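Visitor: Taken in order, the sequence shown gives residues -32 to -1, 1 to 377; the numbers are from mature numbering (1 follows the signal peptide of the UniProt record, and there is no 0).
We put the beta carbon where it would ideally sit given N, CA and C, even for glycine.
From a predicted model like this one, the values you see are computed outputs, not experimental measurements.
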Amino acid sequence: MLKFFSSNMASVSGTCCSRFLLLLLLVCSCSAAALPGGAGYPADPTCPPEKPSELSLYTDYVSPQCKPSPPYIPVAVFPHDVEPIRFALNLEFTEAEFFLHAAFGVGLDQIAPKLALGGPPPIGARKANLDEVTWRVAAEFGLQEVGHVRAIERTVGGIPRPLIDLSAHNFARVMDMAFGYHLDPPFDPYINSINFLLASYVIPYLGINGYVATNPVIDGYESKKVINHLTFHARSTWSLKFKSTHAYLPYYKNTFLIHGCMYSIARACMQLLAGLLGVEAGQDAVFRALLFERLGETVPPYRNITVAEFTDRVSALRNRLGRCGVKDEGLTVPRELGAEGAICTNVLSADRDSLSYPRTPAELLRILYLTADEHVPGGFYPKGANGKIAREYLRESSHELTLNEAPEH
């Protein structure tokens, strides 16, 4: 009897011990999920065990027959191609901080502090209350933005991270401006998944506009290759890829990256721009696709305001602030503005020929400052964006102010 009791006690003890170890493992796994994987961080515990990939067989093999055709103008990047790429860092920083904080509760200062180049931390960014799918989208896109910042800084040099206002108050201001009255309660991008997706609709699309505008003024063949590849292919491919998995895509970052490569880094710049635009366009497509699936849903607690109306109001606000006509459209449009004038759905925003709209750096700053004036900072950049292009506008404003204040003789 004693032997049987001892045996059972050992069995129970072993079971309890096993359950305790399992519980401990789950706790550790949950903690690991709070931060991104990679150097210095725990790996994602939900990822399956890694297996040798068939792709590894081809990674280091490049046949001469795979090389691209020589360009008509054999200059990879011209000197005037550099500053537009650096200007794009303003949006890259903004997206990185917004997505990283929403997913992990931390930003560049904790994940890749050297990339900020001494710039101040963002205002008001915090962890969002997200469902599993939206969290994964935010986490992946945030980590992708880290790579974008690193790639730009490595290729053409960086700029300090500007002061970025990602507070709920600032996003509430955007939505109040879009609707023309104060929403009650104030809009909060961090409170749930649908609000986060609507807030993500606000910024990323502008990057694509910028890339499209920059492409005609870029002369290096590498620079053009980056932009052309990224704009169409990524938006179409990512929209289809994420349709069934509720993924979403930021649309703003790709506008600025075409102008700034020196001759010695011309090829690298063009490849950089093409790669950036592809992923940025894909991110925007994912966001729009996720919102499109909820097109007719009301956004709680705002009665009778649907997802479609939110996107339409935000797009109209960007058009007003940009002051250069219609270059932005919500998820539904009048049929005459739809593809070939035959459809009113608008999963991807495009012109009458289904081409992406262009926006100049000045237009983008008018929108991001929320002032409709590239010389007057505010909005997402309370002290102005960084880089030569943005600072020139601020210097012009300062010079005009000095002239206006000069005493009469």
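Within this structure, are the beta carbons of residue 156 and residue 163 separated by less than 9 Å?
Guide: Sequence index remark: in the sequence shown, residue 156 carries index 188 (1-based). Sequence index remark: in the sequence shown, residue 163 carries index 195 (1-based). Closer than 9 Å, so yes.
Visitor: Hey, how far is the Cα of residue 143 from the Cα of residue 82?
Guide: Here residue 143 refers to the residue found at position 175 when the sequence shown is read from its first residue. Here residue 82 refers to the residue found at position 114 when the sequence shown is read from its first residue. C-alpha separation (whole angstroms): 33 Å.
Visitor: Assuming residue 303 contacts residue 312 (C-beta within less than 8 Å), just tell me the rounded distance between them.
Guide: Position 335 of the sequence shown, counted from the start, is the residue given in the question as residue 303. Position 344 of the sequence shown, counted from the start, is the residue given in the question as residue 312. Right, the Cβ-Cβ distance comes to about 5 Å (below 8 Å), so this counts as a contact.
Visitor: Any contact between the segment 255 to 269 and the segment 164 to 172? By contact I mean 3 or more CB pairs, one from each, below 8 Å.
Guide: In short, these stretches touch, since the Cβ pair count reaches three.
Visitor: When you compare the CB of residue 74 with every CB in chain E, is at least one pair closer than 9 Å?
Guide: No chain E appears in the structure shown, which is made up of a single protein chain.
Visitor: For residue 310, is the classification buried or exposed, using 16 other Cβ atoms within 10 angstroms of its Cβ as the cut-off for buried?
Guide: Position 342 of the sequence shown, counted from the first residue, corresponds to residue 310. It is exposed - the Cβ of residue 310 has fewer than 16 other Cβ atoms within 10 Å.
Visitor: With H, G and I counted as helix, E and B as strand and the rest as coil, what does DSSP make of residue 91?
Guide: Numbered from its first residue, the sequence shown carries residue 91 at position 123. If DSSP states are grouped into helix, strand and coil, residue 91 belongs with the strands.
Visitor: Could you name the residues of the same chain whose beta carbon sits closer than 6 Å to that of residue 339, not counting the 5 residues immediately before and after it, in chain order?
Guide: The residue labelled residue 339 in the question sits at position 371 within the sequence shown. Result list for residue 339: 346, in chain order.
Visitor: At the level of alpha carbons, what is the spacing between residue 98 and residue 364?
Guide: On the sequence shown, residue 98 is found 130 positions in, with the first residue counted as 1. On the sequence shown, residue 364 is found 396 positions in, with the first residue counted as 1. Whole-angstrom Cα-Cα distance: 42 Å.
Visitor: Leaving aside the five residues before and after residue 131 along the sequence, list all residues of the same chain whose C-beta is less than 8 Å from its C-beta, in chain order.
Guide: By 1-based counting over the sequence shown, the position of residue 131 is 163. So the qualifying residues of the chain are 87, 88, 90, 91, 349, 350, 351.
Visitor: For the ligand ZN, I want to know if residue 335 counts as a neighbour, meaning its beta carbon is within less than 8 Å of at least one of the ligand's heavy atoms.
Guide: The model on display carries no ligand, and the ligand ZN is accordingly not part of it.
Visitor: Do three or more CB pairs link the segment 49 to 65 to the segment 117 to 130 at distances below 8 Å?
Guide: At 8 Å Cβ cutoff, the stretches touch.
Visitor: Using a threshold of 9 Å, state whether the C-beta atoms of residue 275 and residue 305 are closer than that.
Guide: The count along the sequence shown starts at 1 and reaches residue 275 at position 307. The count along the sequence shown starts at 1 and reaches residue 305 at position 337. Cβ distance not < 9 Å, so residue 275 and residue 305 don't count as in contact.
Visitor: Determine, using beta-carbon pairs with one atom in the segment 100 to 118 and one in the segment 60 to 68, whether at least three such pairs fall under 8 Å.
Guide: The segment 100 to 118, when compared against the segment 60 to 68, does touch it at the 8 Å Cβ threshold.
Visitor: If you drop the 5 nearest sequence neighbours on each side, which residues of the same chain put their C-beta closer than 7 Å to that of residue 165?
Guide: Translated into the one-based positions of the sequence shown, residue 165 becomes position 197. Result list for residue 165: 102, 216, 255, 258, 259, in chain order.
Visitor: Going along the chain, which residues of its own chain have a beta-carbon closer than 7 Å to the beta-carbon of residue 266, five neighbours each way excluded?
Guide: Residue mapping note: residue 266 aligns to position 298 of the sequence shown, counting from 1. Answer for residue 266: 272, 273, 274, listed in chain order.
Visitor: Buried or exposed for residue 355, going by 16 or more other Cβ atoms inside 10 Å?
Guide: Position 387 of the sequence shown, counted from the start, is the residue given in the question as residue 355. Per the 10 Å Cβ criterion, buried.
Visitor: Which of the three DSSP states is assigned to residue 339 in this structure?
Guide: Along the sequence shown, one-based indexing puts residue 339 at 371. Reduced to three states, the DSSP call for residue 339 is coil.
Visitor: Less than 9 Å between the C-beta atoms of residue 177 and residue 295, yes or no?
Guide: Residue 177 sits at position 209 when you count from the first residue of the sequence shown. Residue 295 sits at position 327 when you count from the first residue of the sequence shown. In contact: residue 177 and residue 295 (Cβ atoms closer than 9 Å).
Visitor: Taking the Cβ atom as the reference point for each residue, do residue 116 and residue 96 lie within a distance shorter than 9 Å?
Guide: Working through the sequence shown from its first residue, we reach residue 116 at position 148. Working through the sequence shown from its first residue, we reach residue 96 at position 128. No.
Visitor: What three-state label does DSSP hand residue 319 in the structure shown?
Guide: In the sequence shown, counting from the first residue as 1, residue 319 sits at position 351. In this structure, residue 319 counts as coil in the three-state DSSP scheme.
Visitor: Only counting the same chain, and skipping five residues up and downstream in sequence, which positions put a Cβ closer than 6 Å to that of residue 73?
Guide: Position 105 of the sequence shown, counted from the start, is the residue given in the question as residue 73. Closer than 6 Å at the Cβ level, and outside the excluded window around residue 73, lie 95.
Visitor: Roughly how many angstroms lie between the CA atoms of residue 104 and residue 71, to the nearest whole one?
Guide: In the sequence shown, the residue the question calls residue 104 occupies position 136. In the sequence shown, the residue the question calls residue 71 occupies position 103. If I take the Cα positions, the gap works out to 8 Å.
Visitor: Taking the alpha-carbon of residue 246 as reference, which of 173, 314, 79 has the nearest alpha-carbon?
Guide: Counting from 1 along the sequence shown, the entry for residue 246 is found at position 278. Closest by alpha carbon: 173.
Visitor: Beta-carbon within less than 8 Å of residue 126's beta-carbon, same chain only, minus the 5 sequence neighbours each way: which residues are those?
Guide: As a first step, residue 126 is located in the sequence shown; it is residue number 158 there, counting from the start. Closer than 8 Å at the Cβ level, and outside the excluded window around residue 126, lie 54, 57, 83, 85, 117, 120.
Visitor: Less than 9 Å separating the beta-carbons of residue 342 and residue 329?
Guide: Residue 342 sits at position 374 when you count from the first residue of the sequence shown. Residue 329 sits at position 361 when you count from the first residue of the sequence shown. Yes, the pair counts as a contact, with Cβ atoms nearer than the cut-off.
Visitor: Starting from residue 133, trace the alpha helix (DSSP H) in both directions and tell me its first and last residue.
Guide: Within the sequence shown, residue 133 is the residue found at index 165, counting from 1. Counting along the chain, residue 133 falls outside any alpha helix (DSSP H), and DSSP gives it neither H nor E.
Visitor: When we look at the beta-carbon of residue 323 and count the other beta-carbons within 10 Å, is it buried (16 or more) or exposed?
Guide: Your numbering for residue 323 matches position 355 in the sequence shown. Exposed, since its Cβ has fewer than 16 Cβ neighbours within 10 Å.
Visitor: Give me the Cα-Cα distance between residue 148 and residue 239, rounded to the nearest whole angstrom.
Guide: As a working mapping, residue 148 is identified with position 180 in the sequence shown. As a working mapping, residue 239 is identified with position 271 in the sequence shown. Each residue's alpha carbon lies about 42 Å from the other.
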